[in-house]
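For what it's worth, the numbering used here labels the leading residue of the sequence shown as 553, then goes sequentially. Contents: one structure, followed by commentary.
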Amino acid sequence: AVFPTAVGIEIAGRIGGEIISADARQVYAGMPIGTCAPIDEAIPHHLVGYLSPAERTTAFAWAKLAAEHLDDIYRRGKSAIIVGGTGLYIDALTEGIFEAPASDAAIRDSLYARAENAEDLHAQLAEIDPTSADRIHPNNLVRVIRALEVYYTSGKSLTENFEATAVPAEGWKFAKFFLDMDREALYARIEERTRALLSAGWIDEVRRLVLSGNSEDSPGMNAIGYREILRYLRGEITSEELAEEIARKTRNYAKRQITWFSNRGNFQRIDITNTPPADCAESIISEVIDFSR
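If you want it as structure tokens, here you go:
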């Protein structure tokens with residue numbers, strides 16, 4: 553969850569492996585600075601920069617591609633290292649996730665028309681799918697309506713869809729690790745990296761994206777920093793406010809990532825506060841050797 557790229561490259565270099573990026577931001581082309589896309593040409597990287605910022609993707613679509621790369625890397629006698637902090641992508645690959653039906657505007661609008669009766673909608677969900685109703689708070693209207701929409705669109709409840717889900721990486725064993733560090737050190741590194749990226753041409757990167765026809769509504773622009781830079785380019789915030797806003801949002805995102813990985817139970821925590829990437833890589837390789845025995 554914390555700056556995994558350098559460690560992943562170290563591991564790949566030591567074992568002759570190839571990296572599959574599990575970063576929802578790095579799937580987009582033309583955004584290498586703000587997404588910290590890997591640039592080590594000596595190490596093969598997959599699923600980096602393969603979509604236009606105007607295109608949408610899903611965890612399910614990514615997982616299918618990742619599974620194909622896993623098989624290909626294995627057939628060539630190499631080891632695959634999955635590197636990135638998008639937990640939903642990793643779960644989709646290793647645990648499975650169903651391909652949700654497309655939204656149906658008529659059904660969704662009909663449900664929202666009854667939104668004042670949120671309790672009734674939740675009660676309806678409880679009749680259709682008690683398992684999902686237990687997980688979704690009655691006040692979380694967006695999720696309640698989406699669960700109902702899935703049922704009315706597909707004819708199956710969310711729970712039924714999940715139970716029928718295939719695992720793209722079926723048959724593979726994964727040793728899972730998440731990188732963590734002291735909060736004060738983490739926040740200092742986020743601050744330092746934010747300013748370094750801005751100095752490295754991030755603002756010009758956003759200008760080029762806009763000139764290429766991308767807008768604030770482009771899916772790629774959802775990545776932290778891009779919409780903030782657009783605000784800066786419109787003169788709505790100063791350069792200092794820009795750096796502070798990006799760093800703040802990155803800190804919040806990092807906290808959510810760490811909480812997510814900590815709660816999974818099947819990820820081993822590695823503290824890298826005072827550990828160089830090379831030493832961290834060596835530790836992980838040793839753990840994987842033990843895991844494989």
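Beta carbons are placed, not taken as given, at the ideal position from N, Cα and C, and that holds for glycine.
Quick check on the DSSP output: the alpha helix (DSSP H) that includes Ile822 runs from which residue to which?
As a first step, residue 822 is located in the sequence shown; it is residue number 270 there, counting from the start. Unbroken run through Ile822 is the beta strand (DSSP E), 820–823; no alpha helix (DSSP H).
Rounded straight-line distance, which links the Cα of Thr557 to that of Ala576:
Start at 1 with the first residue of the sequence shown, and residue 576 comes out as number 24. Start at 1 with the first residue of the sequence shown, and residue 557 comes out as number 5. When rounded, the distance between both Cα atoms is 14 Å.
What residue range is occupied by the uninterrupted beta strand (DSSP E) comprising Ala632?
Counting from one through the sequence shown, the residue named residue 632 turns up at place 80. Its beta strand (DSSP E) spans residues 632–635.
Under 8 Å between C-beta atoms, does Thr827 make it to chain E?
The structure shown has no chain E; it contains just one protein chain.
Residue of Ser767, Lys801, Pro653, Thr802 minimising C-alpha distance to Val702:
For the purposes of this step, residue 702 is taken as residue 150 along the sequence shown, with counting starting at 1. Comparing Cα positions, the closest option is Pro653.
Mind checking Gly586: buried by the 16 CB within 10 Å criterion, or exposed?
Within the sequence shown, residue 586 is the residue found at index 34, counting from 1. So Gly586 counts as buried.
With the cut-off set at 8 Å, would you say Ala670 and Leu700 are in Cβ contact?
Locating residue 670 in the sequence shown gives position 118, counting from the first residue. Locating residue 700 in the sequence shown gives position 148, counting from the first residue. No, these two residues do not count as a Cβ contact at 8 Å.
Taking the straight line between their C-alpha atoms, what separation do you get for Glu712 and Ala581?
The count along the sequence shown starts at 1 and reaches residue 712 at position 160. The count along the sequence shown starts at 1 and reaches residue 581 at position 29. About 36 Å.
So, do the region 711–729 and the region 746–762 have three or more beta carbon pairs nearer to each other than 8 Å?
no
Pair every Cβ in the region 790–803 with every Cβ in the region 732–745, then say whether three or more of these pairs are closer than 8 Å.
yes
For Glu668, tell me which candidate among Ile697, Met583, Ala564 has the shortest Cα-Cα distance.
Taking the sequence shown and counting its residues from 1, one reaches residue 668 at position 116. Checking every option, the nearest Cα to that of Glu668 belongs to Ile697.
What would DSSP say about Ile571, mapped onto helix, strand or coil?
Position 19 of the sequence shown, counted from the start, is the residue given in the question as residue 571. In this structure, Ile571 counts as strand in the three-state DSSP scheme.
Would you mind sorting Ser838 into buried or exposed? The rule is 16 or more other CB atoms within 10 Å of its CB.
Within the sequence shown, numbered from 1, the residue matching residue 838 stands at position 286. So Ser838 ends up on the exposed side.
Would you grab the beta carbon distance between Ile822 and Phe726 for me? Rounded to a whole angstrom, and I think it's under 8 Å.
Start at 1 with the first residue of the sequence shown, and residue 822 comes out as number 270. Start at 1 with the first residue of the sequence shown, and residue 726 comes out as number 174. With a Cβ gap of about 15 Å, Ile822 and Phe726 do not count as contacting.
In terms of alpha-carbon separation, which member of Leu622, Asp592, Ile642, Tyr602 lies closest to Ala611?
Indexing the sequence shown from 1 puts residue 611 at position 59. The shortest C-alpha separation from Ala611 is found at Ile642.
I'd like to confirm the pairing. Which residues does DSSP put opposite Ala729 in its beta bridges?
To locate residue 729, count along the sequence shown from 1; it is residue 177. Ala is not the amino acid found at residue 729; the sequence shown has Phe there. DSSP lists Gln820 as partners of Phe729.
For Ser598, does the three-state DSSP call read helix, strand or coil?
Here residue 598 refers to the residue found at position 46 when the sequence shown is read from its first residue. Strictly speaking, residue 598 in this sequence is His, with Ser absent from that position. DSSP places His598 in strand when its eight states are reduced to three.
Assuming Asp705 contacts Ile659 (C-beta within less than 8 Å), just tell me the rounded distance between them.
Translated into the one-based positions of the sequence shown, residue 705 becomes position 153. Translated into the one-based positions of the sequence shown, residue 659 becomes position 107. Note that residue 705 is Thr in the sequence shown, not Asp. The pair is a contact, with the Cβ atoms about 6 Å apart (cut-off 8 Å).
So if DSSP puts Ala603 in a beta bridge, which residue, or which two residues, is it bridged to?
Here the question's residue 603 lines up with position 51 in the sequence shown. The question names Ala, but residue 603 is Leu in the sequence shown. DSSP lists Tyr580 as partners of Leu603.
Across the region 681–695 and the region 805–823, are there enough close Cβ pairs to call them in contact, namely three or more that are closer than 8 Å?
no
Considering only C-alpha positions, which residue in the set Leu785, Thr802, Ala665 is nearest to Ala775?
Reading the sequence shown from its first residue, position 223 is the one you call residue 775. Among Leu785, Thr802, Ala665, the Cα nearest to that of Ala775 is on Thr802.
With a CB to CB cut of under 6 Å and the five nearest residues on each side skipped, what residues in its chain are close to Leu640?
For the purposes of this step, residue 640 is taken as the residue at position 88 of the sequence shown. So the qualifying residues of the chain are Ala611.
C-alpha gap between Leu738 and Thr825, whole angstroms:
Against the sequence shown, residue 738 aligns to sequence position 186. Against the sequence shown, residue 825 aligns to sequence position 273. If you take the alpha carbons of Leu738 and Thr825, they lie about 8 Å apart.
When the Cβ atoms of the region 610–627 are set against those of the region 587–595, are three or more pairs found closer than 8 Å?
The region 610–627 vs the region 587–595: no contact.
Per DSSP, what kind of secondary structure is Arg666 in: helix, strand or coil?
Position 114 of the sequence shown, counted from the first residue, corresponds to residue 666. Coil at Arg666, not helix or strand.
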